[in-house]
Amino acid sequence: ELVQFLLVKDQKKIPIKRADMLKNVIREYRGAYTEIINRAGRTLQEVFGLQLVEIDPKRHSYILASKLPCAEGNHPCRVKEKEKMGLLVVILSFIFMKGNSVKDSDLAGPFIPHRRAPLHPPPPRGSRGPPGAGGVQNNPPKSPPTHRYLEITPIPLTDPPQFTYQWGARAAKETSKRDLLNFVAKVQGKRPDFWTSQYNEAMAPP
Numbered sequence: 302e303l304v305q306f307l308l309v310k311d312q313k314k315i316p317i318k319r320a321d322m323l324k325n326v327i328r329e330y331r332g333a334y335t336e337i338i339n340r341a342g343r344t345l346q347e348v349f350g351l352q353l354v355e356i357d358p359k360r361h362s363y364i365l366a367s368k369l370p371c372a373e374g375n376h377p378c379r380v381k382e383k384e385k386m387g388l389l390v391v392i393l394s395f396i397f398m399k400g401n402s403v404k405d406s407d408l409a410g411p412f413i414p415h416r417r418a419p420l421h422p423p424p425p426r427g428s429r430g431p432p433g434a435g436g437v438q439n440n441p442p443k444s445p446p447t448h449r450y451l452e453i454t455p456i457p458l459t460d461p462p463q464f465t466y467q468w469g470a471r472a473a474k475e476t477s478k479r480d481l482l483n484f485v486a487k488v489q490g491k492r493p494d495f496w497t498s499q500y501n502e503a504m505a506p507p
């Protein structure tokens with residue numbers, strides 16, 4: 302949960318405060334703060350190639366820095382894209398673990414704190430919406446980059462508008478449920494077969 306929180310907060314590119322981690326994630330486990338943050342730091346480094354760096358020891362604020370070597374002349378956006386794709390991996394894993402479909406309300410807490418509007422509001426009346434959408438919005442928000450990784454579908458007769466989120470066509474081609482279950486297991490420190498239903502689905506032949 303802390304890894305997820307750090308990836309989301311890092312999208313704003315402002316230091317992440319220990320007080321926010323304690324308040325929003327660690328809560329009653331503050332006595333184990335050092336162990337929890339060290340474990341989150343190892344996961345960020347091993348899975349995403351990111352390092353959790355304390356930049357202000359007095360205020361206890363952190364940033365995520367890339368651990369990937371950058372050759373001279375490499376475009377700087379590649380590091381940013383890796384960080385955003387890390388968040389996308391977490392969202393895709395969350396959708397899979399929740400039964401392959403989630404609503405705005407499911408995403409609002411973990412990924413969009415205090416957000417009142419849907420991730421992708423419907424186009425104005427009379428507008429055709431995104432090209433090729435056909436009622437399903439595949440054009441993503443700018444962050445994280447979700448171009449066809451997410452399929453965003455309006456829920457009929459909801460006011461204010463609500464949406465469901467599922468894997469898009471690109472996600473199904475570029476990753477697998479087995480890979481993301483292994484990712485979740487690594488983050489949680491458990492065996493993949495701990496989640497029986499998801500394990501059976503992930504291991505089923507295509």
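Numbering-wise (my numbering), the sequence shown opens with residue 302 and increments by one. Just so it is clear, CB atoms sit at the ideal spot from N, CA and C, and this is done for glycine as well.
- For the beta strand (DSSP E) holding threonine 465, just list the boundary residues, first then last. Where threonine 465 is concerned, the enclosing beta strand (DSSP E) stretches over 463 to 468.
- Item | Cβ shell of threonine 344 (< 8 Å), same chain only, five flanking positions each side left out | Take threonine 344, set aside five residues on each side of it, and the residues of its chain with a beta-carbon closer than 8 Å to its own are Val304, Lys487, Val488, in chain order.
- Task: Just mark aspartate 494 as buried or exposed, buried being the case when its beta carbon has 16 or more other beta carbons within 10 Å.
- Result: Exposed: under 16 other Cβ atoms inside 10 Å.
- Please list, in chain order, all residues of the same chain as methionine 504 whose beta carbon is under 7 Å from its beta carbon, the five residues on each side excluded. If we look at methionine 504 and ignore the five residues flanking it on each side, its Cβ neighbours are Arg479.
- Using three-state DSSP, classify threonine 459 as helix, strand or coil. The three-state secondary structure of threonine 459, taken from DSSP, is coil.
- Message: So for leucine 369, helix, strand or coil by DSSP?
- Response: Note that leucine 369 has pLDDT 46, beneath the 50 cutoff, so the model's placement of it is unreliable and the number below is only indicative. Leucine 369 falls in the coil class under three-state DSSP.
- Query: In terms of DSSP beta bridges, what is isoleucine 317 paired with?
  - Reply: According to DSSP, which records beta bridges pairwise, isoleucine 317 is partnered with Tyr363.
- Item | Cβ neighbour criterion (16 or more within 10 Å) applied to tyrosine 466 | It is buried - the Cβ of tyrosine 466 has at least 16 other Cβ atoms within 10 Å.
- Item | Length of the line joining the Cα atoms of lysine 404 and arginine 492 | As the crow flies, the alpha-carbon of lysine 404 is around 27 Å from that of arginine 492.
- Message: Which of the three DSSP states is assigned to threonine 476 in this structure?
- Response: It is coil, neither helix nor strand.
- Query: At which residue ranges does the segment 479 to 505 contain complete alpha helix (DSSP H) runs of 4 or more residues, listed in the order of the chain?
  - Reply: For the segment 479 to 505, whole alpha helix (DSSP H) runs of length 4 or above, ordered along the chain, are 497 to 504.
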